[in-house]
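**Q** Before we start, here is the structure in question, set down as structure tokens.
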Amino acid sequence: MGNSQIAFARLSRRILTSTRVRIADTVEAMPEPARSEVSRVVAAYLAKQVDRDPPRNIAVAIALDLGVTDEDKLVAISAATAFGGLHSLLLDDLVDNKGQGRPWTDVYVAHLLYVLHSDMLQVISPVDWASRGRNVAHQCQIETYRALLDEELNHVGRTSTYGSASIVWEKCAPIKSVVERILSVTDRYEHKDAFDQAADAACFALCTLDDMLDWPDDYDRQRFTYPIQRAIEAANLQWSPAVDGDVRARVAHELLYGVTHHSLMGEIVRALDRAIGLTKAISPSLSTLLEASRTSARASWIRHISYLQAVEDHLRVNGTARGLVTT
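Using this note's numbering, read the sequence shown as starting at 5 and increasing by one per residue.
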């Protein structure tokens, strides 16, 4: 790890500590009973260290590269991203539980978390908030809800081809509202298109990788995420409750051994390549973070192929090879 990476890691840890304090202070300032309800949800998520998510580091990296050195401003950027992430996590949990296992009051808590996210965006750069920032934040949120509605209506409890992979990255659209505020405070709007495209590519890569890892839980909830749907189509199947077991077995094969795994990993690496290319000249710190993600994804891909090849070689020696490695 180079000196600049070490310095960024140390600063990031300080920002994370201060972000937790900012979140606690912001929630504490709310009136009851909202304070207790929001605190309950936030505390549960922070206990899982969800505020260490990549988007928070991405936003801080961009801000540093564009000249934001004031740590209080960096904490506001980190907190805005954290509140946006907490809002998304709670919505996701509410949808997954379908009203079971969570208090119904969490619907209101989710909205309050979005309000806190929006308030923190304004803190980052209040100058043109009314004329530009608020509109961008609302547009990003509508984009997110559109993707969530698409997923719920077309990919839960039924299989349906993804008309576009955009649904994957649109669910992460609020990160772009944070970046927009960074561009406002640094007066660097000429980079907005590049950062938006890079955010889409990076979010697609990271979300797809996460969905590949979480596919058993998603499948059990009949949430046919992008990787699961790709696997079902590769197997030329249609899902229904009557054939659930057979479809699950084929999805497992495709995502663990078949061409779908390799195809998706290829998409992930290419998406990260694109994000790195878009940001290398304007945000070296972000590019470095993305390169680390790409290196990790490639290493995982290579280990996976090596493992499958070793298994196949073993089976072949014993006369039971089944062609596990399909590239």
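Glycine included, each C-beta is placed from N, C-alpha and C at the ideal position.
#1: For V64, which of helix, strand or coil comes out of DSSP?
#2: Exposed or buried, H142, counting other C-beta atoms within 10 Å across all chains shown (16 or more means buried)?
#3: Over what stretch of residues does the alpha helix (DSSP H) that includes A246 continue unbroken?
#4: Since A83 and L98 should fall inside the 8 Å C-beta cutoff, what is the C-beta to C-beta distance between them, to a whole number of angstroms?
#5: Using the rule of at least 16 other Cβ atoms within 10 Å of the residue's Cβ for burial, across every protein chain shown, is W243 buried or exposed?
#6: Alpha carbon to alpha carbon, how far is H266 from R234?
#7: Sorted by chain position, which residues of the same chain lie with C-beta nearer than 7 Å to Y230's C-beta, five sequence neighbours on each side aside?
#8: Can you give me the C-alpha to C-alpha distance between R175 and Q126, rounded to a whole angstrom?
#9: If contact is defined by three or more beta carbon pairs under 8 Å, each pair taking one atom from either stretch, is the stretch 145-157 in contact with the stretch 188-206?
#10: Can you tell me the Cα-Cα spacing of P281 and E295, whole angstroms?
#11: Given a cut-off of 8 Å on the beta-carbon distance, is the pair S287 and D74 in contact?
#12: List in chain order: all unbroken alpha helix (DSSP H) runs of 4+ residues lying wholly within the stretch 149-222.
#13: What do you reckon, are the CB atoms on Y49 and L95 nearer than 8 Å?
#14: Just to confirm before moving on: does the CB-CB distance between A275 and A209 stay below 8 Å?
#15: Mapping DSSP to helix, strand and coil, what is R227?
#16: Rounded to whole angstroms, what's the CA-CA distance from L157 to V321? Just pull it up for me.
#17: Can you grab the Cα-Cα spacing for the pair S297 / A303, in whole Å?
#18: Is the CB-CB distance between T190 and V72 below 8 Å?
#19: Buried or exposed: which applies to I236, given that a residue is buried once 16 or more other Cβ atoms fall within 10 Å of its Cβ?
#20: Excluding the 5 residues flanking S16 on each side, which residues of the same chain have their C-beta closer than 7 Å to its C-beta?
#21: Assign L78 to one of two classes, buried (16 or more other C-beta atoms within 10 Å of its C-beta) or exposed (fewer than that).
#22: Helix, strand or coil: which one does DSSP assign to T23?
#23: Less than 8 Å between the CB atoms is what I'm expecting for E194 and V140, so what's the real figure, rounded?
#24: In terms of residue numbering, what span does the alpha helix (DSSP H) encompassing R44 cover?
#25: Terminal residues of the continuous alpha helix (DSSP H) containing A275?
#26: Going by beta carbon distance, what residues of the same chain come within less than 7 Å of R192, once the five residues before and after it are set aside?
#27: Whole-angstrom Cβ separation of L182 and I19, contact assumed at under 8 Å?
#28: Does D222 pass the burial test, meaning 16 or more other C-beta atoms within 10 Å, or should it be called exposed?
#29: What residues in its chain sit with their C-beta under 6 Å from that of T330, if we drop five residues either side in the sequence?
#30: Can you give me the C-alpha to C-alpha distance between K284 and T292, rounded to a whole angstrom?
#31: Using CA atoms only, rank isn't needed, just tell me which of D29, H308, A177, R44 is closest to T85.
#32: Taking the alpha helix (DSSP H) that L120 falls in, what are its first and last residues?
**A** Looking at the atomic coordinates:
#1: Along the sequence shown, one-based indexing puts residue 64 at 60. DSSP places V64 in helix when its eight states are reduced to three.
#2: The sequence position of residue 142 within the sequence shown is 138, counting from 1. Exposed.
#3: Within the sequence shown, residue 246 is the residue found at index 242, counting from 1. Neither: A246 is in no alpha helix (DSSP H) and is coded neither H nor E.
#4: Here residue 83 corresponds to residue number 79 of the sequence shown, with the count starting at 1. Here residue 98 corresponds to residue number 94 of the sequence shown, with the count starting at 1. The Cβ separation is near 22 Å, so there is no contact.
#5: Residue 243 sits at position 239 when you count from the first residue of the sequence shown. Buried, because 16 or more other Cβ atoms sit within 10 Å of the Cβ of W243.
#6: Along the sequence shown, read from residue 1 onward, the residue named residue 266 stands at position 262. Along the sequence shown, read from residue 1 onward, the residue named residue 234 stands at position 230. The straight-line gap from Cα to Cα measures roughly 12 Å.
#7: For the purposes of this step, residue 230 is taken as residue 226 along the sequence shown, with counting starting at 1. Here the set comprises Y166, A169, V172, T212, D215.
#8: If you number the sequence shown from 1, residue 175 lands on position 171. If you number the sequence shown from 1, residue 126 lands on position 122. First, the amino acid is wrong: residue 175 is Lys here, not Arg. It is roughly 22 Å from the alpha-carbon of K175 to the alpha-carbon of Q126.
#9: no
#10: Position 277 of the sequence shown, counted from the start, is the residue given in the question as residue 281. Position 291 of the sequence shown, counted from the start, is the residue given in the question as residue 295. The sequence given here has Gly at residue 281, not Pro. Approximately 10 Å, taken between the alpha carbons.
#11: Along the sequence shown, read from residue 1 onward, the residue named residue 287 stands at position 283. Along the sequence shown, read from residue 1 onward, the residue named residue 74 stands at position 70. No. Outside cutoff.
#12: Entirely contained in the stretch 149-222, the alpha helix (DSSP H) runs reaching 4 residues are, in chain order, 170-174, 178-190, 196-217.
#13: Walking along the sequence shown from the start, residue 49 turns up at place 45. Walking along the sequence shown from the start, residue 95 turns up at place 91. Contact: no.
#14: Along the sequence shown, one-based indexing puts residue 275 at 271. Along the sequence shown, one-based indexing puts residue 209 at 205. The criterion of a C-beta distance shorter than 8 Å is satisfied by A275 and A209.
#15: Residue numbering aside, residue 227 sits at position 223 when the sequence shown is read from its first letter. Note: R227 maps to strand in three-state DSSP.
#16: Counting from 1 along the sequence shown, the entry for residue 157 is found at position 153. Counting from 1 along the sequence shown, the entry for residue 321 is found at position 317. Distance between the alpha carbons of L157 and V321 is about 48 Å.
#17: Stepping through the sequence shown from its first residue, residue 297 is reached at position 293. Stepping through the sequence shown from its first residue, residue 303 is reached at position 299. Cα-Cα distance, rounded: 10 Å.
#18: Position 186 of the sequence shown holds residue 190. Position 68 of the sequence shown holds residue 72. Yes. Within cutoff.
#19: As a working mapping, residue 236 is identified with position 232 in the sequence shown. So I236 ends up on the buried side.
#20: Indexing the sequence shown from 1 puts residue 16 at position 12. Within the same chain, S16 has close Cβ partners N61, V64.
#21: Locating residue 78 in the sequence shown gives position 74, counting from the first residue. Looking at its Cβ environment, which holds 16 or more other Cβ atoms inside 10 Å, L78 is buried.
#22: Position 19 of the sequence shown, counted from the start, is the residue given in the question as residue 23. Looking at T23 - three-state DSSP - the assignment turns out to be helix.
#23: Position 190 of the sequence shown holds residue 194. Position 136 of the sequence shown holds residue 140. Rounded, the Cβ-Cβ distance is 16 Å, inconsistent with contact.
#24: Within the sequence shown, the letter at position 40 stands for residue 44. Counting along the chain, R44 sits inside the alpha helix (DSSP H) bounded by residues 38-51.
#25: Position 271 of the sequence shown, counting from 1, holds the residue named residue 275. Per DSSP, A275 belongs to the alpha helix (DSSP H) from 263-283.
#26: Stepping through the sequence shown from its first residue, residue 192 is reached at position 188. Counting only Cβ-Cβ distances below 7 Å, and skipping sequence neighbours, we find L70.
#27: As a position in the sequence shown, residue 182 is number 178, starting the count at 1. As a position in the sequence shown, residue 19 is number 15, starting the count at 1. Checking the displayed sequence, the identity of residue 182 turns out to be Val instead of Leu. The pair is not a contact, with the Cβ atoms about 14 Å apart (cut-off 8 Å).
#28: In the sequence shown, residue 222 corresponds to position 218, counting from 1. By the 10 Å Cβ count, D222 comes out buried.
#29: Translated into the one-based positions of the sequence shown, residue 330 becomes position 326. Unreliable positioning characterises T330 in this predicted model, as indicated by a pLDDT of 49, which lies under 50. The coordinate reading is nonetheless provided below. Excluding positions up to five away in sequence, the list reads G262, V263.
#30: For this step, residue 284 is matched to residue 280 along the sequence shown. For this step, residue 292 is matched to residue 288 along the sequence shown. Distance between the alpha carbons of K284 and T292: 8 Å.
#31: Stepping through the sequence shown from its first residue, residue 85 is reached at position 81. Comparing Cα positions, the closest option is A177.
#32: Position 116 of the sequence shown holds residue 120. Per DSSP, L120 is one residue of the alpha helix (DSSP H) stretching across 110-128.
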